[in-house]
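Visitor: Structure below; questions to follow.
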Amino acid sequence: MIIKRYSAYFENYVNPVKVDLKKFDGKVRHKLIPSSTGEIFNVWIAKDIDSSKKITRLYVGKHALDLGGYAPSTNDIWLCKGEYVAVVKTNKDDIVTKDVLVEVAMTLRRMAETHKEEIDTVDFVKSYFVSVKSNEIVVDENNSGKIHFSPGNIRFTL
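Residue numbers for the sequence shown follow our numbering, beginning at 39 and rising by one.
Below is the structure:
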């Protein structure tokens with residue numbers, strides 16, 4: 039009986055991912071994506087524009103901790119395809135590898151239903167070049183890049 043109560047406590051109160059997902063009423067997904075170098079990255083994916091703004095504020099904004107989110111890291115990556123947004127969170131000095139970015143971009147393409155198009159792009163930027171101002175997501179275009187998908191080819195441009 040003690041184990042059951044401890045298990046319930048762990049599931050409901052200690053697991054920060056479940057607590058965070060409850061904030062979004064099912065409009066945000068969480069994925070753990072392993073990289074080719076062995077690190078595992080937390081990825082938060084918003085399913086609508088309001089959730090996209092909210093995860094941008096809570097996970098990459100400079101005041102994220104004050105708002106109840108996670109501390110932003112200089113290596114966090116923000117990706118966007120239409121109204122769908124993903125945030126790849128890093129720990130300390132971890133660098134997000136290209137294979138992780140491609141997997142997240144492909145997930146966004148599937149959600150936006152553009153994955154069957156032969157030529158497609160997904161925008162990305164380091165987290166400190168994106169913010170939410172006047173209820174709009176603002177991206178510094180000079181520091182952003184694109185992941186280009188074409189038949190048999192995936193390439194990055196900055």
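Here a beta-carbon is modelled for each residue, glycine too, at the ideal position from N, C-alpha and C.
Could you check if F187 is buried or exposed, using at least 16 other CB atoms within 10 Å of its CB as the buried criterion?
Guide: On the sequence shown, position 149 is the one that residue 187 refers to. The residue in question, F187, is buried, as its Cβ has 16 or more Cβ neighbours within 10 Å.
Visitor: Within 8 Å, do at least three Cβ pairs link the segment 112 to 120 to the segment 144 to 152?
Guide: Touching, yes.
Visitor: Quick check: the Cα distance between E12 and D161, rounded to an integer number of angstroms?
Guide: Nothing can be reported for residue 12, as the shown portion of the chain is limited to 39 through 196.
Visitor: When we look at the beta-carbon of D114 and count the other beta-carbons within 10 Å, is it buried (16 or more) or exposed?
Guide: The residue you call residue 114 lines up with position 76 of the sequence shown. With 16 or more other Cβ atoms within 10 Å, it is buried.
Visitor: Are V134 and I192 touching if we call contact CB-CB under 8 Å?
Guide: The residue you call residue 134 lines up with position 96 of the sequence shown. The residue you call residue 192 lines up with position 154 of the sequence shown. Going by C-beta atoms, V134 is not nearer than 8 Å to I192.
Visitor: Quick check on this structure: which residue in K184, E155, F167 has the alpha carbon closest to the alpha carbon of G190?
Guide: Here residue 190 refers to the residue found at position 152 of the sequence shown. Closest by alpha carbon: E155.
Visitor: To the nearest angstrom, how far is the alpha carbon of D158 from that of F194?
Guide: Counting from 1 along the sequence shown, the entry for residue 158 is found at position 120. Counting from 1 along the sequence shown, the entry for residue 194 is found at position 156. Straight-line Cα distance between these residues: approximately 12 Å.
Visitor: Per DSSP, what kind of secondary structure is L70 in: helix, strand or coil?
Guide: Along the sequence shown, read from residue 1 onward, the residue named residue 70 stands at position 32. DSSP places L70 in strand when its eight states are reduced to three.
Visitor: Run through the DSSP bridge pairs and tell me what G183 is partnered with.
Guide: Working through the sequence shown from its first residue, we reach residue 183 at position 145. F162.
Visitor: Can you give me the C-alpha to C-alpha distance between N129 and P72, rounded to a whole angstrom?
Guide: Residue 129 sits at position 91 when you count from the first residue of the sequence shown. Residue 72 sits at position 34 when you count from the first residue of the sequence shown. Cα to Cα, the separation comes out at about 13 Å.
Visitor: So, for N173: in the same chain, excluding its five sequence neighbours on each side, which residues have a beta-carbon less than 8 Å away from its beta-carbon?
Guide: On the sequence shown, position 135 is the one that residue 173 refers to. Excluding sequence neighbours, N173 sits near K91.
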